[in-house]
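Sequence lines, in order, name chains A and B.
Offset between the first sequence (1-based) and our numbering: plus 18.
Offset between the second sequence (1-based) and our numbering: plus 596.
Even for Gly, the Cβ is constructed at its ideal location relative to N, Cα and C.
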Amino acid sequence: MTGERRGALPVRQIRAGDRRALGRAISAIENGAPEADALLKALYRETGRVRIVGFTGPLGVGKSSLINALVAHLRGQGRRVAVIAVDPSSPFSGGSVLGDRIRFDRPADDDGVFFRSMASRGAAGGVAAATREAARILEVAGFDDILVETVGSGQVDTAIRDIATTSVVVLVPHLGDEVQTLKAGLFEIADVFCVNKADLPGADAARRDLVELAALGTERGGWRSPVVLTSTVEPSGIPALWEAVEAHEAYLERSGRRPEAERRRLAKEIVGRVRDHVDAELTERLERDPELRRLLDQVVAREVDPRTAAERLHRTRRARG
Amino acid sequence: MTVRAKKAPVRVLIAKPGLDGHDRGAKVVARALRDAGMEVVYAGLRQTPEEIVRAAVEEDVDLIGLSILSGAHMALFPRVLALLKKEKAGNIPVFAGGIIPDEDARRLRKAGIRAIFGPGASLEEIVRTAQRLARPRA
Numbered sequence: 019m020t021g022e023r024r025g026a027l028p029v030r031q032i033r034a035g036d037r038r039a040l041g042r043a044i045s046a047i048e049n050g051a052p053e054a055d056a057l058l059k060a061l062y063r064e065t066g067r068v069r070i071v072g073f074t075g076p077l078g079v080g081k082s083s084l085i086n087a088l089v090a091h092l093r094g095q096g097r098r099v100a101v102i103a104v105d106p107s108s109p110f111s112g113g114s115v116l117g118d119r120i121r122f123d124r125p126a127d128d129d130g131v132f133f134r135s136m137a138s139r140g141a142a143g144g145v146a147a148a149t150r151e152a153a154r155i156l157e158v159a160g161f162d163d164i165l166v167e168t169v170g171s172g173q174v175d176t177a178i179r180d181i182a183t184t185s186v187v188v189l190v191p192h193l194g195d196e197v198q199t200l201k202a203g204l205f206e207i208a209d210v211f212c213v214n215k216a217d218l219p220g221a222d223a224a225r226r227d228l229v230e231l232a233a234l235g236t237e238r239g240g241w242r243s244p245v246v247l248t249s250t251v252e253p254s255g256i257p258a259l260w261e262a263v264e265a266h267e268a269y270l271e272r273s274g275r276r277p278e279a280e281r282r283r284l285a286k287e288i289v290g291r292v293r294d295h296v297d298a299e300l301t302e303r304l305e306r307d308p309e310l311r312r313l314l315d316q317v318v319a320r321e322v323d324p325r326t327a328a329e330r331l332h333r334t335r336r337a338r339g
Numbered sequence: 597m598t599v600r601a602k603k604a605p606v607r608v609l610i611a612k613p614g615l616d617g618h619d620r621g622a623k624v625v626a627r628a629l630r631d632a633g634m635e636v637v638y639a640g641l642r643q644t645p646e647e648i649v650r651a652a653v654e655e656d657v658d659l660i661g662l663s664i665l666s667g668a669h670m671a672l673f674p675r676v677l678a679l680l681k682k683e684k685a686g687n688i689p690v691f692a693g694g695i696i697p698d699e700d701a702r703r704l705r706k707a708g709i710r711a712i713f714g715p716g717a718s719l720e721e722i723v724r725t726a727q728r729l730a731r732p733r734a
């Protein structure tokens, strides 16, 4: 952080959608800066009304290109759109190459769009710790829709459902047979399935497998995840994809599920924050505990096993209060 | 209640302004900066100065690296610097790499480009300079 950017974050400029103010506020959130704490507490009451649409799926399926096409579609309807695109941080250097912006080709003078790249910074599950709170700031800045692109996901990366009101799982033809679609994790969180690169052969087979999966599935209170075919090379299916997102949002409204889903997400957020604190404190204290060092010596020497060592450490800590 | 990050990583934008399809150097530098622990926003090819400045502001970078091999640096770099000032982002340091004649390099430095690397520059040198420019007091 360079000189002129320290200090309180300008709420008025954030409300007005000032790019410099928004950019800095998001960094402050990412860095755990005290000024972000004050800002988020002050603005929370104004949030919770926008759609947050998550796009997840394996790397290389075209999430960034798809989002770029959707942004163009939504701008055509006069909607203001913000994008948060997450890429992984290196577990070795902590560094990151954030490359999703390459696909983003809005004109530089389009004021109805904001694009922010974000490194995962060690968070598991496909999004960053700061993603949800950054989305709140963007909502206060007046964006109508917030699109979140996850890290290229593996089968267990499902954290997007703790942020997004609608989760789109993006796939491509030939990712495997229909048994893959039965596996737990990624396929379970889809409110909408998107088969991208539908210009490639095999798209119809992929759609059939997914439609079958959706039909087999325990119907989630009246919603069957639709399957939409899209292509950004020979542009097709983009309006249909957004219609599917809107249909899901309308369903949340109609069925009365929205407050219940929001409550679940917020409970997870609060408990998660407390857990992070407790975890950090406990880890620090345990690592300094001489009892740990003593037990560790015995475990390394194969005199005590790790389970017994953990039990003893837990017991002595409890006894000490 | 905030969990304070140990150390905020440096954020740097790497972009190629103008009509120039040679991005190998930019990619090599992006990777070296990543390995040095930086968050590198890679904006890629054929960026206008307006797009570069917009990206720098939205991404709130600490540093901008411009790569150019087309010869248009005397037109494009000063434009980036001027636009940064206009967006109240004139405090973001800009460095550059590419084929830039000595005389041009002198003038660009005077105009406010903080460092210029030619074909002979080592990655170590580039990384060290980037760290120094991004965190002058560190």
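Task: With 16 other Cβ atoms within 10 Å as the buried cut-off, status of residue 234 of chain A - done: Flag for residue 234 of chain A reads exposed.
Open item on the list: Using a Cβ-Cβ distance cut-off of 9 Å, determine whether residue 159 of chain A contacts chain B.
Closed with: no
Task: residue 123 of chain A, DSSP secondary structure in three states - done: coil
Task: Contact set for residue 710 of chain B: own chain, Cβ-Cβ below 7 Å, skip 5 residues either direction - done: 689, 690, 691 and 729
TODO: Determine the burial state of residue 62 of chain A: buried for a count of at least 16 other Cβ atoms within 10 Å of its Cβ, exposed for fewer.
DONE: exposed
Task: Within-9 Å CB hit, residue 108 of chain A to chain B - done: yes
Open item on the list: What does the alpha-carbon distance come out to for the pair residue 737 of chain B and residue 627 of chain B?
Closed with: The structure shown does not extend to residue 737 of chain B, since chain B is modelled only from 597 to 734, so the question has no answer here.
Open item on the list: Between which two residues does the beta strand (DSSP E) holding residue 167 of chain A run?
Closed with: 163 to 167
Task: Proximal residues, the stretch 616 to 639 of chain B versus chain A, C-beta separation under 8 Å - done: Listed by position along the chain: 626, 627, 629, 630, 631, 632, 633, 634, 635, 636, 637, 638 and 639.
TODO: Could you tell me how far apart the beta carbons of residue 169 of chain A and residue 105 of chain A are, in whole angstroms, since I believe they sit closer than 8 Å?
DONE: 6 Å
Open item on the list: On the DSSP bridge list, what partners appear for residue 638 of chain B?
Closed with: B:610
Task: Neighbour list for residue 44 of chain A in chain B, Cβ cutoff strictly below 7 Å - done: 656
Open item on the list: Contact criterion: CB-CB distance below 9 Å. Does residue 682 of chain B meet it with respect to chain A?
Closed with: no
Open item on the list: Using C-beta distances below 7 Å, list every residue in its chain close to residue 615 of chain B, excluding the 5 sequence neighbours before and after it, in chain order.
Closed with: 642 and 666
Task: is_contact[residue 83 of chain A, chain B] using C-beta, thresh 9 Å - done: Closer than 9 Å: no.
Open item on the list: Using 9 Å as the threshold, is the C-beta distance between residue 34 of chain A and residue 182 of chain A below it?
Closed with: no
Open item on the list: Three Cβ pairs or more, each shorter than 8 Å: is that satisfied between the stretch 92 to 111 of chain A and the stretch 131 to 143 of chain A?
Closed with: yes
Open item on the list: Is there a Cβ of chain B sitting closer than 9 Å to that of residue 86 of chain A, yes or no?
Closed with: No, residue 86 of chain A lies away from the interface with chain B (no Cβ there is under 9 Å from its Cβ).
Open item on the list: Going by DSSP in three states, residue 326 of chain A sits in which element: helix, strand or coil?
Closed with: helix
Task: Proximal chain B residues relative to residue 300 of chain A, where beta-carbon distance stays under 9 Å - done: Under the 9 Å cutoff, chain B gives no residues; its nearest Cβ is about 13 Å from residue 300 of chain A.
Task: Contacts that residue 41 of chain A makes with chain B (C-beta to C-beta distance below 8 Å) - done: Within chain B, the residues near residue 41 of chain A are 653, 654, 655 and 656.
Task: Nearest-angstrom beta carbon gap, residue 210 of chain A and residue 266 of chain A [assumed within contact, 8 Å] - done: With a Cβ gap of about 6 Å, residue 266 of chain A and residue 210 of chain A count as contacting.
Task: Which listed residue (B:731, B:669, B:673 and B:632) has its alpha carbon closest to that of residue 649 of chain B - done: With distances taken between Cα atoms, residue 649 of chain B lies closest to B:673.
TODO: On a CA-only basis, which of A:191, A:77, A:37 and A:152 is nearest residue 173 of chain A? Give me that one, please.
DONE: A:77
TODO: Find the residues of chain B that neighbour residue 111 of chain A, judging by a C-beta separation of less than 8 Å, and give them in chain order.
DONE: 630, 631, 632 and 633
Task: Status (buried if at least 16 other CB within 10 Å, exposed otherwise) for residue 86 of chain A - done: buried
TODO: Keeping to the same chain, check which residues put their C-beta closer than 6 Å to that of residue 229 of chain A; ignore five residues upstream and five downstream.
DONE: 245
Open item on the list: Run through chain E and tell me which residues come within less than 8 Å of residue 646 of chain B, C-beta to C-beta.
Closed with: Absent from the structure: chain E. Protein chains present are A and B.
Open item on the list: Within 10 Å of its beta-carbon, does residue 110 of chain A have 16 or more other beta-carbons around it, so buried, or fewer, so exposed?
Closed with: exposed
TODO: Return yes when the Cβ of residue 166 of chain A is within less than 9 Å of the Cβ of residue 145 of chain A, no when it is not.
DONE: Yes, the Cβ-Cβ distance between residue 145 of chain A and residue 166 of chain A is below 9 Å.
TODO: Work out the CA separation of residue 326 of chain A and residue 662 of chain B for me, nearest whole Å.
DONE: 57 Å
Open item on the list: Under 8 Å, with one C-beta from each stretch per pair, do the stretch 28 to 46 of chain A and the stretch 649 to 660 of chain B reach the 3-pair mark?
Closed with: Output reads yes: the stretch 649 to 660 of chain B touches the stretch 28 to 46 of chain A.
Open item on the list: My parser needs the alpha helix (DSSP H) runs of 4 or more residues fully inside the stretch 615 to 685 of chain B; what are they?
Closed with: For the stretch 615 to 685 of chain B, whole alpha helix (DSSP H) runs of length 4 or above, ordered along the chain, are 620 to 631, 645 to 654 and 669 to 682.
Open item on the list: So for residue 180 of chain A, helix, strand or coil by DSSP?
Closed with: Reduced to three states, the DSSP call for residue 180 of chain A is helix.
Task: CA-to-CA distance, residue 121 of chain A to residue 713 of chain B, given in whole angstroms - done: Distance between the alpha carbons of residue 713 of chain B and residue 121 of chain A is about 28 Å.
Open item on the list: Rounded to the nearest angstrom, what separates residue 637 of chain B and residue 50 of chain A at their Cα positions?
Closed with: 20 Å
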